[in-house]
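Here the structure comes first, spelled out in structure tokens, and everything after it is commentary.
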Amino acid sequence: MKVKCLLVDDEPLAIELLERHLEQFDNFEVVATCSNAVEALSILSNNTIDLLFLDIQMPRLSGIDFLKTIKKPPQTIFTTAYREFALESYDLEIVDYLLKPITFDRFFKAVERYLRQHYKPINSIATVPETPFIILKSGIKNYKINVADIIYIESIRDYIKVLTTECELTIKYKISNIEIELKSQRFLRVHRSFIVNIEKITSFSPSMVELGKKEIPIGPMYKQIVDTALR
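full-length UniProt numbering puts the first residue of the sequence shown at 1, with every later residue one more than the last.
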């Protein structure tokens with residue numbers, strides 16, 4: 001069965017790019033496209049939609065506010081030019097958060113994540129669960145990193161430093177993107193520049209968390225979130 005998609009964006013070129021990307025996948029079908037939340041609601045009411053590609057900054061009603069109004073929304077991938085909405089989108093349990101201009105390799109990862117979450121193979125023989133991992137690309141290399149081994153992630157301008165129990169990796173990547181990728185794991189954004197593995201926290205105070213000898217500050221806007229998560 002094909003994954004039925006709805007594309008919502010007030011920029012025609014953005015719609016065209018998504019359509020071109022989706023054409024590369026035989027098991028995805030674009031049921032409809034539209035430019036605003038009002039049209040999108042009508043389409044959702046009259047069609048079965050499995051996956052919604054939704055812009056955030058749109059006329060009359062933003063993508064985030066629109067998604068909040070739907071009682072049983074389809075799985076959603078945000079497509080936006082604004083990275084500052086990534087944290088708020090967490091509460092909506094989206095599949096992914098894509099920043100424009102959306103490259104095909106980044107789009108591929110979002111689609112793969114959707115398929116991994118919703119179309120797991122059925123095996124008659126029980127298997128040992130795999131250790132969750134993420135793939136990070138740096139240059140021509142792809143690094144497979146076991147999620148459980150990550151201690152913390154630090155944002156350094158357009159780069160991130162990923163410190164694990166095995167190595168330290170610095171690559172060109174947005175911390176908001178990896179925050180989305182780790183949202184179902186035991187990770188916590190404690191500062192605009194830091195994500196930590198909750199399992200690696202050895203102590204904490206109102207102003208910082210400690211991971212062994214490493215002290216990481218808690219940002220003012222994250223204090224309540226961190227306090228709730230750790231207590």
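Every residue gets a Cβ at the ideal spot worked out from N, C-alpha and C, and that includes glycine. Computed from a prediction, not measured in an experiment: that's the story for all the values here.
Could you check where the beta strand (DSSP E) with T164 kicks off and where it finishes?
Segment 159-164, the beta strand (DSSP E) holding T164.
When the Cα of E199 is compared with those of V147, E112, I175, which residue comes out closest?
By alpha-carbon distance to E199, the top candidate from V147, E112, I175 is V147.
Determine whether the beta carbon atoms of A229 and L182 lie at a separation below 8 Å.
Result no, Cβ atoms of A229 and L182 do not sit closer than 8 Å.
H156 burial status per 10 Å Cβ neighbour count (16 or more: buried):
Checking the displayed sequence, the identity of residue 156 turns out to be Ile instead of His. For I156, the number of other beta carbons within 10 angstroms of its own is below 16, and it is reported as exposed.
Coil, strand or helix - S138 by DSSP:
DSSP places S138 in strand when its eight states are reduced to three.
If you draw a straight line from the alpha carbon of E23 to that of E166, how long is it in whole angstroms?
Rounded to the nearest angstrom, the two C-alpha atoms are 39 Å apart.
Can you give me the Cβ contacts of V31 inside the same chain, cut-off strictly under 7 Å, excluding the 5 residues immediately before and after it?
K4, C5, L6, N47, I49.
Using CA coordinates, which residue listed in Y173, I145, E179, K172 is at the minimum distance from T164?
Checking every option, the nearest Cα to that of T164 belongs to I145.
Check whether the Cβ atoms of I134 and N197 sit closer than 8 Å, and answer yes or no.
No, Cβ-Cβ distance for I134 and N197 is not below 8 Å.
Grab the span of the alpha helix (DSSP H) containing P217 for me, first residue to last.
Not the alpha helix (DSSP H): P217 falls in the beta strand (DSSP E), residues 214-217.
Put R231 into one of helix, strand or coil per three-state DSSP.
Shown here, R231 sits in coil according to DSSP, grouped into three states, outside any helix or strand.
Thinking just about the alpha-carbon of each residue, which of S138, K141, F85, T76 is nearest to the one in R113?
Closest option to R113, Cα to Cα, is T76.
Beta-carbon proximity check, F194 vs I216, cutoff 8 Å:
Remark: C-beta atoms of F194 and I216 approach each other more closely than 8 Å.
So that I know if they touch, is there some Cβ in chain D lying closer than 8 Å to that of T48?
Here chain D cannot be found, since the structure has a single protein chain.
Does DSSP put E179 in a helix, a strand or coil?
When secondary structure is reduced to three states using DSSP, E179 falls in the helix class.
Given 8 Å as the limit, is there contact between the segment 36-47 and the segment 96-105, that is, 3 or more CB pairs closer than that?
With a cut-off of 8 Å, the segment 96-105 and the segment 36-47 do not count as touching, because too few Cβ pairs lie within range.
On the premise that R83 lies in contact with L67, defined as a C-beta separation below 8 Å, what is that separation, rounded to the nearest angstrom?
Contact flag wrong, Cβ pair sits at about 18 Å.
Bridge partner(s) assigned by DSSP for E210:
Looking at the DSSP assignment, E210 forms a beta bridge with S203, E215.
Answer yes or no: do L92 and P74 have a C-beta to C-beta separation smaller than 8 Å?
No, the Cβ-Cβ distance between L92 and P74 is not below 8 Å.
Using only the alpha-carbon positions, how far apart do G212 and S203 sit?
Here the alpha carbon of G212 sits roughly 8 Å from the alpha carbon of S203.
According to DSSP, is L6 helix, strand or coil?
In this structure, L6 counts as strand in the three-state DSSP scheme.
Proximity below 8 Å, CB of A110 to CB of D55
No, the pair does not count as a contact, with Cβ atoms beyond the cut-off.
In whole angstroms, give me the CA-to-CA distance for M1 and R116.
Approximately 15 Å between the Cα atoms of the pair.
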